[in-house]
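First residue of the sequence shown? That's 536 in our numbering, and the numbers climb one at a time after it.
These notes are about the structure you will find just below.
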Amino acid sequence: MSLEIEATDVIKIMLQFCKENALLDSLTAIQNECQVSLNTVDSIENFVSDVNSGRWDQVLPIVSRLKLPQGKLENLYEQVVLEMVELREVDTARAMLRQTQVFNRMKQEEPDRFLKLEHLCGRTYFDIREVYAGTSKEKRRAQIAHSLSQEVSTVPPQRLMALIGQALKWQQHQGLLPPGTAFDLFRGTAQGTRDEVERYPSQLDRTIKFGKKSHPECAVFSPDGQMLVSGSADGFIEVWDFITGKLKKDLQFQADEQFMMHDEAVLALSFSKDSELLVSGSQDGKIKVWKVRTGQCLRKYERAHTQGVTSVSFSKDGTHVLSSSYDGLVRVHGIKSGKMLKELRGHTSYVNDAIYSPDGSQIVSASSDASVRVWDSKSCDCVTSFRPPQTTQFSEASVNSIHFYPQNPDQLVVCNRSPTVFIMTLHGHVVKSFQSGKREGGDFLASWVSPRGEWIYCLGEDSILYSFSTATGKLENLMQVADKGPIGLCQHPHRNLVSTFADEGALKLWKA
536 MSLEIEATDV
546 IKIMLQFCKE
556 NALLDSLTAI
566 QNECQVSLNT
576 VDSIENFVSD
586 VNSGRWDQVL
596 PIVSRLKLPQ
606 GKLENLYEQV
616 VLEMVELREV
626 DTARAMLRQT
636 QVFNRMKQEE
646 PDRFLKLEHL
656 CGRTYFDIRE
666 VYAGTSKEKR
676 RAQIAHSLSQ
686 EVSTVPPQRL
696 MALIGQALKW
706 QQHQGLLPPG
716 TAFDLFRGTA
726 QGTRDEVERY
736 PSQLDRTIKF
746 GKKSHPECAV
756 FSPDGQMLVS
766 GSADGFIEVW
776 DFITGKLKKD
786 LQFQADEQFM
796 MHDEAVLALS
806 FSKDSELLVS
816 GSQDGKIKVW
826 KVRTGQCLRK
836 YERAHTQGVT
846 SVSFSKDGTH
856 VLSSSYDGLV
866 RVHGIKSGKM
876 LKELRGHTSY
886 VNDAIYSPDG
896 SQIVSASSDA
906 SVRVWDSKSC
916 DCVTSFRPPQ
926 TTQFSEASVN
936 SIHFYPQNPD
946 QLVVCNRSPT
956 VFIMTLHGHV
966 VKSFQSGKRE
976 GGDFLASWVS
986 PRGEWIYCLG
996 EDSILYSFST
1006 ATGKLENLMQ
1016 VADKGPIGLC
1026 QHPHRNLVST
1036 FADEGALKLW
1046 KA
């Protein structure tokens, strides 16, 4: 059952916030534009008492912020003028008659009543019996107090902050917001902590379990650091709260057990720069673009490739999708047109990875033909092609993954199926190499680079995560991350948190 909230109630809460924070110009502007008045007082009892006691210096400032019927306002102001004249505060009384909007209107609509008050100001005496004619000052005050009390109400203070606090507590109660987490109210997300010093992961933080036939084939953190998304062998795409290890149920579609899906295994995932869109590629060569907050599929590319999609990524401006495939091709797809715009041919085997350069002017691809190719993203011409040094004595090692090196945008971290990972220039010159020290059974399947480029992490076929320091060039740590079937890894964009996944059916999070 959904609750209906009146728009006027929302405006009144905004008005209360303005009033409590002395934003009086904003209060007036909102009231005038929306034609909604707050009409609240801190205490009706005190307000009535002030009117009955004639404390007009307290009453009039309050009334000036209220929206009251003209007749009731005139009765109030008329009483104030009468009492000013009685106290011989004639100048004050005349100023009110001539300068207030209430009396200007009375002068136009009830000229006789207005003139009577003006004449009263000119007299040298004040006759109470004549002025109040059969009643008294106290009774007039009581009548006015009762009349005004019908127009105002009192509400608990700080309603806006109270409602927001209640909403956040409910999210914590539901497990959607971990206790103690700072919350970015404007963005609507928990504030992610940033680790000041980069350190390699050394201990298990959390395990997310999958079924044997639904193990994760890929995973990626969102650039804003709020989400971890996995793509599984059964075609499901799931968004996780990596702090709790549970599905994000603040995404309504997941709370309703509706999921982003492909017909076959999801092999590749990537976020747009603003973390709003997600692109996925599957075993059957299809690509889909999703709006993460709603789970809505915005674009489908039914025949993006003829074989499985191995990597996907958004262009810098978010208008194109870059993809690579087992069909040996690299393609660029338009999000608005829904069509394939460019095709990069040249590799003679599977293309395992393809990425844009930081400025978007180039595309770099890695293939099982043991080569890395650099392409002009506009002309699609192959600018250069090179092969990492072969450290095995058998067949040429396929290049599994490539990353631009954060400390130098003209250099790449190149990982091929060998026990060595390289930092190389875009012309193929080796800048540094890092070795696991294993002769057999320790070839690298995938790699990742820490956000500031201080660490390179490699996942070996032996299920060991190798952590290399780019400063020292040494292997600083190795850690068993799976029992069997390692597949890949990814790192949080600004925390010392690495995720690994394997076909044994678990996605594990490792912290420093």
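Note that CB positions come from ideal geometry on N, CA and C, so glycine has one too.
Nearest-angstrom Cα separation, counted from residue j out to residue i
i, j, result
"Lys672", "Arg658", "19 Å"
"Leu495", "Val598", "Missing from the structure shown is residue 495; the chain here goes from 536 to 1047 and no further."
"Asp560", "Leu550", "11 Å"
"His1029", "Phe756", "10 Å"
"Leu739", "Arg987", "22 Å"
"Trp983", "Val1016", "15 Å"
"Ser858", "Val690", "57 Å"
"Asp894", "Phe939", "11 Å"
"Arg590", "Ile540", "38 Å"
"Glu799", "Lys783", "23 Å"
"Gln789", "Gly746", "18 Å"
"Thr960", "Asn556", "57 Å"
Endpoints, alpha helix (DSSP H) assigned at residue i
i, result
"Ser968", "It is not in any alpha helix (DSSP H) - Ser968 instead sits in the beta strand (DSSP E) that spans Val965 to Gln970."
"Asn581", "Ile579 to Asn587"
"Lys672", "Lys672 to Ser684"
"His654", "Pro646 to Gly657"
"Gln593", "Trp591 to Val598"
Sequence-distant residues of its chain with Cβ nearer than 6 Å to residue i (five each side left out)
i, result
"Met536", "Residue placement at Met536 is flagged as unreliable, the pLDDT there being 45, under the threshold of 50; the coordinate-derived value follows with that caveat. Excluding residues within five positions, none has a Cβ falling inside 6 Å."
"Asn610", "Ile679"
"Leu876", "Val867 and Gly869"
"Lys835", "Lys823"
"Gly843", "Leu802, Gln818 and Tyr861"
"Asp1018", "Glu1039"
Per-residue DSSP class, three states only, for residue i
i, result
"Gly995", "strand"
"Ile937", "strand"
"Tyr667", "helix"
"Asn610", "helix"
"Thr955", "strand"
"Gln643", "helix"
"Thr506", "The structure shown has nothing for residue 506, since the chain only spans 536 to 1047."
Host beta strand (DSSP E) of residue i (start-end)
i, result
"Phe849", "Val844 to Phe849"
"Arg741", "Gln738 to Lys744"
"Asp626", "First-last for Asp626: Val625 to Gln634, but that is the alpha helix (DSSP H), not the beta strand (DSSP E)."
"Pro923", "Neither: Pro923 is in no beta strand (DSSP E) and is coded neither H nor E."
"Asn943", "Per DSSP, Asn943 belongs to no beta strand (DSSP E) and is neither H nor E."
"Met660", "Residue 660 is actually Tyr in this sequence, not Met. Taken as a continuous stretch (DSSP letters only), Tyr660 belongs to no beta strand (DSSP E), as it is neither H nor E."
"Leu1044", "Ala1041 to Lys1046"
"Thr1035", "Leu1032 to Ala1037"
"Asp904", "Asp904 -> no beta strand (DSSP E), and no H or E assigned at all."
"Ser749", "Per DSSP, Ser749 belongs to no beta strand (DSSP E) and is neither H nor E."
"Ile1022", "Pro1021 to Gln1026"
"Val576", "That residue, Val576, is in no beta strand (DSSP E); it is neither H nor E in DSSP."
"Ser859", "His855 to Ser860"
Chain B contact for residue i (CB, 8 Å cutoff)
i, result
"Leu652", "Considering every chain present, this structure includes no chain B. It has just one protein chain."
Other residues of its chain near residue i: CB distance less than 7 Å, five sequence neighbours each side excluded
i, result
"Arg648", "Met641"
"Asp911", "Gln897 and Val918"
"Ser1012", "A quick correction: the sequence has Asn, not Ser, at residue 1012. Closer than 7 Å at the Cβ level, and outside the excluded window around Asn1012, lie Tyr735, Ser737 and Ser1002."
"Gln593", "Asp585"
"Gly1008", "Lys967 and Phe969"
"Ser572", "Gln566, Leu601 and Lys602"
Close beta carbons around residue i, own chain, < 8 Å, minus the five adjacent residues each side
i, result
"Leu1109", "One cannot answer for residue 1109 here, as it falls past the ends of the chain, which runs 536 to 1047."
"Thr483", "A question about residue 483 goes unanswered here, because the residues of the chain that appear run from 536 up to 1047."
Exercise. Which parts of the segment 759-812 are runs of the alpha helix (DSSP H), unbroken and 4 residues or longer, counting only runs that do not cross its ends?
Worked result: 787-790
For this session: Would you list, in sequence order, the uninterrupted alpha helix (DSSP H) runs of no fewer than 4 residues that lie entirely inside the segment 536-561?
Result: 542-555
For this session: Give, in chain order, every unbroken run of the beta strand (DSSP E) that is at least 3 residues long and sits entirely within the segment 819-843.
Result: 822-826 and 831-836
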